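Engineer: Got a structure for you, questions after.
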Amino acid sequence: MNKNMFQPVQPNNKKLPFGCRLQVDKTKQIILPHWHDTYEIDYVIQSSNQNFYLDGKTFDQSTNEIVCVNPYQIHGLNLPNDENRVAITLMIPLLFLDNLNINKLDLQIQNRIIDSKNEHYLLLKSLFRELYSILTVPEDVLSRTEEIGLVSAILGILFRYFSKKTAFVLNNYSSKRIRYIRDILEWLNSNYMNDVSIAEMAQRISLSESYFSHVFKQTVGQSPLNYLSSLRAVHAQQIIQNEDRTMTEIASMVGFSNVKSMNETFKKDLGITPYQYKIQQKKAGFDIF
1 MNKNMFQPVQ
11 PNNKKLPFGC
21 RLQVDKTKQI
31 ILPHWHDTYE
41 IDYVIQSSNQ
51 NFYLDGKTFD
61 QSTNEIVCVN
71 PYQIHGLNLP
81 NDENRVAITL
91 MIPLLFLDNL
101 NINKLDLQIQ
111 NRIIDSKNEH
121 YLLLKSLFRE
131 LYSILTVPED
141 VLSRTEEIGL
151 VSAILGILFR
161 YFSKKTAFVL
171 NNYSSKRIRY
181 IRDILEWLNS
191 NYMNDVSIAE
201 MAQRISLSES
211 YFSHVFKQTV
221 GQSPLNYLSS
231 LRAVHAQQII
241 QNEDRTMTEI
251 ASMVGFSNVK
261 SMNETFKKDL
271 GITPYQYKIQ
281 QKKAGFDIF
């Protein structure tokens, strides 16, 4: 996970002008609520993206459903183990939109799209399926050209047939509530390793503790302290993958009071202990000491 709750969007493949990932990890995963300043488009090839959190609502993204995350929308995922899950994620950098003469602040795409009677949806479904067939074979110059063409076509249909002007939406996303929570998410990501209290978080944005807790849960989908524990667990996962540390050291580094607290959060979020997570990553072929 990116080290900032604001995630700048850049191509994962420098030979493509956008990010395009085939998601095939079958293990339980948590992507904490975050936001970025451009568009993310998710499509499920097989099974589902369960527990998709988007702007205060949680749902299961079903097979062939398209989910579009617009600029500044807070979103995340809590995926269980699923041997059958296959999905595609498109991350569209601002430069690519500029080259298509699309202003990210002009249009908001419909969040959820699945309608077997809509010809434009059926065309999108066909384009995503064709994109999937390209992503499952070795990459070459011609396949990259096809990817660019398909993604451009997908964006064209989404903006033409599934979007609307955003004058009202912009006012909504400029609200103090959204700005407050974004500020706290970014601050937490720089201070998660410290002893952080709800009182300190609320004080930073001049809200009472009770109102802050209400607004945070309404916006992010979980309480501030539960979010903080999950954030610490995410950073613990990164250390487990990349450094040779004892569990006691890792717990201290990411802000847990003790190993027991870290174990409890791992069990709650991932269904396994940190040690079991380490073994799991070794078996998956990650470079772990």
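Number 55 in UniProt numbering belongs to position 55 of the sequence shown; there are no gaps in the numbering.
Just so it is clear, CB atoms sit at the ideal spot from N, CA and C, and this is done for glycine as well.
These numbers come from a predicted model, not from an experiment.
When DSSP builds the beta bridges, which residues end up paired with Ile30?
Structural biologist: Paired residues: Asn78.
Engineer: At the level of alpha carbons, what is the spacing between Gln61 and Ser163?
Structural biologist: Each residue's Cα considered, the two are about 19 Å apart.
Engineer: Which residue or residues does DSSP assign as beta-bridge partners of Ser163?
Structural biologist: Bridge partners of Ser163: Ile109.
Engineer: Grouping DSSP H, G and I as helix and E and B as strand, with all else coil, what is Leu16?
Structural biologist: In this structure, Leu16 counts as coil in the three-state DSSP scheme.
Engineer: Determine the direct distance from the alpha carbon of Ser126 to that of Gly271, and round the result to whole angstroms.
Structural biologist: The alpha-carbon atoms of Gly271 and Ser126 are separated by roughly 36 Å.
Engineer: Using the three-state DSSP reduction, which class does Met91 fall into: helix, strand or coil?
Structural biologist: Note: Met91 maps to strand in three-state DSSP.
Engineer: Would you kindly report the start and end of the unbroken alpha helix (DSSP H) that includes Ile181?
Structural biologist: First-last of the alpha helix (DSSP H) with Ile181: Lys176 to Asn191.
Engineer: Does the region 79-87 come within contact of the region 38-58, defined as at least 3 CB pairs closer than 8 Å?
Structural biologist: Yes, since at least three Cβ pairs between the region 79-87 and the region 38-58 fall closer than 8 Å, the two stretches touch.
Engineer: Which stretch, first to last residue, makes up the alpha helix (DSSP H) that contains Thr248?
Structural biologist: Where Thr248 is concerned, the enclosing alpha helix (DSSP H) stretches over Met247 to Val254.
Engineer: Could you tell me the distance, in whole angstroms, from the CA atom of Leu16 to the CA atom of Ile148?
Structural biologist: Each residue's alpha carbon lies about 7 Å from the other.
Engineer: Are Ile92 and Phe159 closer than 8 Å when you measure CB to CB?
Structural biologist: It is not a contact, given that the beta carbons lie outside the stated cut-off.
Engineer: Please say whether Ser230 and Asp269 have beta carbons closer to each other than 8 Å?
Structural biologist: It is a contact, given that the beta carbons lie within the stated cut-off.
Engineer: Going by the CB atoms, is the gap between Pro33 and Val220 shorter than 8 Å?
Structural biologist: Cβ atoms of Val220 and Pro33: closer than 8 Å.
Engineer: Quick one: grab the DSSP three-state call for Ile198.
Structural biologist: Ile198: helix per DSSP, three-state reduction.
Engineer: Counting C-beta neighbours from all protein chains within 10 Å, is the total for Glu139 16 or more, i.e. buried, or is it exposed?
Structural biologist: Per the 10 Å Cβ criterion, exposed.
Engineer: Count the other CB atoms within 10 Å of the CB of Ser174; is the residue buried (16 or more) or exposed (fewer)?
Structural biologist: Annotation note: pLDDT 46 at Ser174 (below 50); position unreliable, no value reported.
Engineer: For Asn49, which residues does DSSP report across the bridge?
Structural biologist: According to DSSP, Asn49 bridges with Gln61.
Engineer: Per DSSP, what kind of secondary structure is Ile114 in: helix, strand or coil?
Structural biologist: Three-state DSSP puts Ile114 in coil, outside helix and strand.
Engineer: Name the two residues that bound the continuous alpha helix (DSSP H) containing Ile239.
Structural biologist: Ile239 -> alpha helix (DSSP H) spans Pro224 to Asn242.
Engineer: Quick one: is the Cβ of Tyr121 within less than 7 Å of any heavy atom of the ligand FMN?
Structural biologist: Although the ligand FMN was asked about, the structure shown includes no ligands whatsoever.
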